[in-house]
Amino acid sequence: MTNRDRMLGSVHDDVMDPSDRLAALRGELDRIDAGLRDALRDRLRVCEEVGRLKRDHDIPVMQPARVDQVTRGAREYAERNGLDPDYLEALYQLIIAETCRVEDLLVAERPDDSARS
Numbered sequence: 055m056t057n058r059d060r061m062l063g064s065v066h067d068d069v070m071d072p073s074d075r076l077a078a079l080r081g082e083l084d085r086i087d088a089g090l091r092d093a094l095r096d097r098l099r100v101c102e103e104v105g106r107l108k109r110d111h112d113i114p115v116m117q118p119a120r121v122d123q124v125t126r127g128a129r130e131y132a133e134r135n136g137l138d139p140d141y142l143e144a145l146y147q148l149i150i151a152e153t154c155r156v157e158d159l160l161v162a163e164r165p166d167d168s169a170r171s
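So the mapping is simple: our numbering equals the position in the sequence shown, first residue as 1, plus 54.
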């Protein structure tokens, strides 16, 4: 039995009060959400480094093959893990759009622009 199972009980647990069970489940969701936010923050930080690298070496921001690879990977993950592939693909399209927006800003910025601010 995992810690999660011990904390939350089984799905059919008649012993735990429904409001306590709901609170426990919401607590688990809050922890998962915090992890998602941290992962998105970390991903964007790496993407900022990618944007600076692209800027400094005149590499185009938009890399269709990479976008396809990431999107395909998301769909395949969804299929292997019982998630809706369209849902995960749409989520990744949103993440990629934000990444491209940030990279565009970094590429447009000259390295000496930040020194003037």
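All C-beta atoms in this analysis are idealised placements derived from N, C-alpha and C, irrespective of residue type, glycine included.
- Put simply, of 136, 137, 106 and 88 the residue whose alpha carbon is nearest the alpha carbon of residue 159 is 106.
- In the structure shown, residue 161 adopts helical secondary structure according to DSSP, grouped into three states.
- Counting other Cβ atoms within 10 Å of its Cβ, residue 133 stays below 16 and is therefore classed as exposed.
- Secondary structure note for residue 92: its alpha helix (DSSP H) is the uninterrupted segment 72 to 110.
- Around the Cβ of residue 146, a 10 Å sphere holds 16 or more other Cβ atoms; the residue is buried.
- Using a Cβ distance threshold of 9 Å, residue 98 and residue 161 do not count as a contacting pair.
- Beta-carbon to beta-carbon, residue 142 and residue 128 are separated by about 5 Å, close enough to satisfy the 8 Å threshold.
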